[in-house]
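Number of protein chains: 2
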Amino acid sequence: MKSESRKQEIINAASILFTEKGYSAVTMRDLAKTMGIKAASLYNHIQSKQEILSTIIINLAEEFTTGMNQIVSSDIGSVQKLENIISLHVDVTLRNADGLGSLNSDWMHLEEENLIYFEKMRHDYEENFRNIVKKGVQKGDIKPFNIEIMVFSTLSTLRTLYLWYPNQKNIDSDILKRDMISVLLKGVV
Amino acid sequence: MKSESRKQEIINAASILFTEKGYSAVTMRDLAKTMGIKAASLYNHIQSKQEILSTIIINLAEEFTTGMNQIVSSDIGSVQKLENIISLHVDVTLRNADGLGSLNSDWMHLEEENLIYFEKMRHDYEENFRNIVKKGVQKGDIKPFNIEIMVFSTLSTLRTLYLWYPNQKNIDSDILKRDMISVLLKGVV
DNA sequence: GATTCAAACTAACAATCGTTAGTTTTGTTT
DNA sequence: AAACAAAACTAACGATTGTTAGTTTGAATC
Numbered sequence: 043m044k045s046e047s048r049k050q051e052i053i054n055a056a057s058i059l060f061t062e063k064g065y066s067a068v069t070m071r072d073l074a075k076t077m078g079i080k081a082a083s084l085y086n087h088i089q090s091k092q093e094i095l096s097t098i099i100i101n102l103a104e105e106f107t108t109g110m111n112q113i114v115s116s117d118i119g120s121v122q123k124l125e126n127i128i129s130l131h132v133d134v135t136l137r138n139a140d141g142l143g144s145l146n147s148d149w150m151h152l153e154e155e156n157l158i159y160f161e162k163m164r165h166d167y168e169e170n171f172r173n174i175v176k177k178g179v180q181k182g183d184i185k186p187f188n189i190e191i192m193v194f195s196t197l198s199t200l201r202t203l204y205l206w207y208p209n210q211k212n213i214d215s216d217i218l219k220r221d222m223i224s225v226l227l228k229g230v231v
Numbered sequence: 043m044k045s046e047s048r049k050q051e052i053i054n055a056a057s058i059l060f061t062e063k064g065y066s067a068v069t070m071r072d073l074a075k076t077m078g079i080k081a082a083s084l085y086n087h088i089q090s091k092q093e094i095l096s097t098i099i100i101n102l103a104e105e106f107t108t109g110m111n112q113i114v115s116s117d118i119g120s121v122q123k124l125e126n127i128i129s130l131h132v133d134v135t136l137r138n139a140d141g142l143g144s145l146n147s148d149w150m151h152l153e154e155e156n157l158i159y160f161e162k163m164r165h166d167y168e169e170n171f172r173n174i175v176k177k178g179v180q181k182g183d184i185k186p187f188n189i190e191i192m193v194f195s196t197l198s199t200l201r202t203l204y205l206w207y208p209n210q211k212n213i214d215s216d217i218l219k220r221d222m223i224s225v226l227l228k229g230v231v
């Protein structure tokens, strides 16, 4: 097993700190103090600060990519696809809320290869999202509003769900999904 | 005038850098290089790095607070108030898109007094928003969905407008407002 | 009891951080 | 031309950064 669990503990602690203060503002000594050890001891388990960041972000990005690819290739209508995307974001957020702060705010601190890889995944994700909306508009299932605004509006809400969810402890996953689908798709008025 | 314009130039340059990389990741030497001077020369115009951050954030937060207070005290319906809030966010974003990255992602690096002041403004803003939605639901003008989700959903879209707007150069302010109102209030389905 | 090994430790490094002090340059006003 | 103020500069400071090297601890295995 070779300290794999200890490594994961460090990554989990780092996820929380990074979301609270941002990658650059968290020092290895901060992280070590949270873990109850000295900064140098962290390096028995991880290779670098950068490795922690890239592990957090790339894993999450791949999770979203995998989920989106399944939705895109499924044989369902555009509106149902949007509902599944909302469901995907709720699931990932409930499972790993701490890491989403890094994904949203610290991805630009990834280094060369991982930065390019991440940006490609994000671009493809948005492109898939956009195409689903376009198809829905063509078929008449989605209102013919400005497509960019519809995509941006929905996506920005889903992306910042992690900021808001921890404050609402007493909410069931399925109820949250249902209400999010109502608000995002059917509007509030 | 005493270099007031030079100070503003520094703040404007810092706004862009802070939004690109975050407050903690931008050094005074980075900022100086962007201005074409040495880091020490910055201190002829500003008192500290922290002063730059607080100037950017507090000014913007006060702008939102002032706008919200006008909307709250105006004698119009709940839906019209929501439309005016959307319009407020579009206006502020178009006027000062660069600073909104700091407001959204670096407010936690404000120091004691300003941090408390900012958090109070943000709390009051959200509370005003929530009360407008509540009133609208009571009057039957707004659908009886989960209020927190409606508030969070709308607000998170408006707050991240600055991330998305710069990519859509050819869009008129009034058209943007109209379409945002459509998508956010009436839904896409 | 000796060996092994993961996981902690102490001590220190080179680099970089925000900032200060004191000086020089530049451009305008007398 | 002299005087002044604005705005740049050089040089350096103490603190902090991520990280490395080498050592000690403690528990499991032989």
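Chains as they are written, first to last, in the numbering used here: chain F, 43 to 231; chain E, 43 to 231. Beta carbons: idealized from backbone N, C-alpha and C, even for Gly.
| Item | Value |
| --- | --- |
| Quick one: which chain E residues come within Cβ less than 8 Å of residue 55 of chain F? | Those do not exist, as residue 55 of chain F stays about 18 Å from chain E at its closest Cβ, beyond 8 Å. |
| Compute the Euclidean distance between the alpha carbons of residue 220 of chain E and residue 92 of chain F, then round it to the nearest angstrom. | 43 Å |
| Verify the CB distance criterion: does residue 206 of chain E have a CB-CB separation below 9 Å to chain F? | yes |
| Where does residue 115 of chain F fall in DSSP's three states? | coil |
| From residue 120 of chain F to residue 73 of chain E, what does the alpha carbon distance come to, in whole angstroms? | 46 Å |
| Mind listing which residues of the region 210 to 225 of chain E have their C-beta closer than 7 Å to chain F's C-betas, in chain order? | 210, 221, 222, 224 and 225 |
| Closer than 8 Å is the cut-off here; do at least three beta carbon pairs connect the region 181 to 192 of chain F with the region 168 to 183 of chain E? | no |
| Per DSSP, what kind of secondary structure is residue 122 of chain F in: helix, strand or coil? | helix |
| Thinking C-alpha only, which one of F:142, F:122 and F:49 is nearest residue 85 of chain F? | F:49 |
| Which whole-angstrom value describes the C-beta separation of residue 64 of chain E and residue 148 of chain E, a residue pair presumed to lie in contact below a C-beta threshold of 8 Å? | 6 Å |
| Does the distance between the C-beta of residue 91 of chain F and the nearest non-hydrogen atom of the ligand PLP fall short of 8 Å? | With respect to small molecules bound, the structure shown includes none, and the ligand PLP cannot be examined in it. |
| Any beta-carbon of chain F closer than 9 Å to the one on residue 62 of chain E? | yes |
| Name the chain E residues whose beta carbon is nearer than 7 Å to that of residue 229 of chain F? | 227, 228 and 229 |
| Does DSSP put residue 133 of chain E in a helix, in a strand, or in coil? | helix |
| Just the chain F side, please: which residues come within less than 7 Å of residue 190 of chain E by C-beta, in chain order? | 210 |
| Just the chain E side, please: which residues come within less than 8 Å of residue 121 of chain F by C-beta, in chain order? | 231 |
| Of the choices E:137, E:197, E:161 and E:76, whose alpha-carbon is the least far from that of residue 172 of chain E? | E:197 |
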